[in-house]
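For the sequence shown, the residue numbers in the working numbering are 97 to 244. Cβ coordinates follow ideal geometry from the N, Cα and C atoms, glycine included. Remember, it's a predicted structure, so these values are computed and weren't measured experimentally. Here is the structure we will look at, set down as structure tokens.
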Amino acid sequence: MKVIAANSRANFDFHFTDKFDAGIVLSGSEVKSLRINTGSLRGSYIIEKNKELWLSNCFIKKYNNTNEKNYLPNRDRKLLLKKKQIDKILSSLKKDGISLIPINIYFSNKGLAKLLFGLGKGKKKYDKRQSIKEKDWNMKKTRMLKNN
């Protein structure tokens with residue numbers, strides 16, 4: 097599993113209840129562009145259109161050796177999931193404050209581009225402070241154990 101693009105703020109800003117893997121519908125030049133790590137998930141989100149899930153605002157840079165004239169780097173890309181998974185996700189989205197957050201894009205062992213996303217609820221400010229405290233404490237703890 098080779099991670100191409102990661103949303104570093106996702107774990108800091110959200111509590112995840114479930115995580116899902118989905119395929120992404122990409123053109124050939126987009127796959128080539130992702131192979132040289134030119135993708136970004138910053139500011140991207142997942143929306144629902146006609147009982148299908150779409151990845152919006154995900155930036156994939158135009159591949160240099162392509163002949164596409166009207167390339168849109170931030171276009172909506174369809175996510176490939178089974179119908180049961182989509183129904184489960186859409187039913188849980190109806191709950192209060194739950195949203196779909198892309199976590200990272202990676203290539204599977206078979207060479208397919210996949211998106212890892214989660215059902216998350218936004219953290220409050222005090223939750224974020226608690227996360228920072230735990231992270232600092234874990235760093236101090238490892239330093240103390242390393243020195244002894």
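Extent of the continuous beta strand (DSSP E) to which residue i belongs
i      : result
Arg173 : 173-176
Lys210 : 209-218
Ile142 : 141-145
With 16 other Cβ atoms within 10 Å as the buried cut-off, status of residue i
i      : result
Ser129 : buried
Gly193 : exposed
Asn234 : exposed
Ile197 : buried
Ser104 : exposed
Ile100 : buried
Ser195 : exposed
Ile132 : exposed
Leu151 : buried
Where residue i sits in the DSSP three-state scheme
i      : result
Thr162 : coil
Val121 : coil
Asn200 : strand
Lys206 : coil
Ile247 : Summary: the structure shown does not reach residue 247, with the chain confined to residues 97 through 244, and so no result is reported for it.
Thr238 : helix
Lys157 : coil
Tyr167 : coil
Asp232 : helix
Asp192 : coil
Residue i at chain D interface by Cβ criterion, 8 Å
i      : result
Ile199 : Any reference to chain D falls outside this structure, which holds one protein chain only.
Anticipated Cβ contact below 8 Å, residue i with residue j, distance rounded
i      : j      : result
Ile120 : Leu211 : 5 Å
Leu260 : Cys154 : With the chain covering only 97 through 244, there is no way to say anything about residue 260.
Ser187 : Leu215 : Their Cβ separation, rounded to whole angstroms, is 11 Å, which puts Ser187 and Leu215 out of contact at 8 Å.
N- and C-terminal bounds of the alpha helix (DSSP H) containing residue i
i      : result
Ser152 : Unbroken run through Ser152 is the beta strand (DSSP E), 148-152; no alpha helix (DSSP H).
Asn107 : 106-109
- Three CB pairs or more closer than 8 Å across the stretch 103-111 and the stretch 142-155: The stretch 103-111 is not in contact with the stretch 142-155.
- Message: Under 8 Å: do the stretch 223-235 and the stretch 157-175 share three or more Cβ pairs, one atom per stretch?
- Response: no
- Query: Is the stretch 179-186 touching the stretch 200-210, taking contact as three or more C-beta pairs under 8 Å?
  - Reply: no
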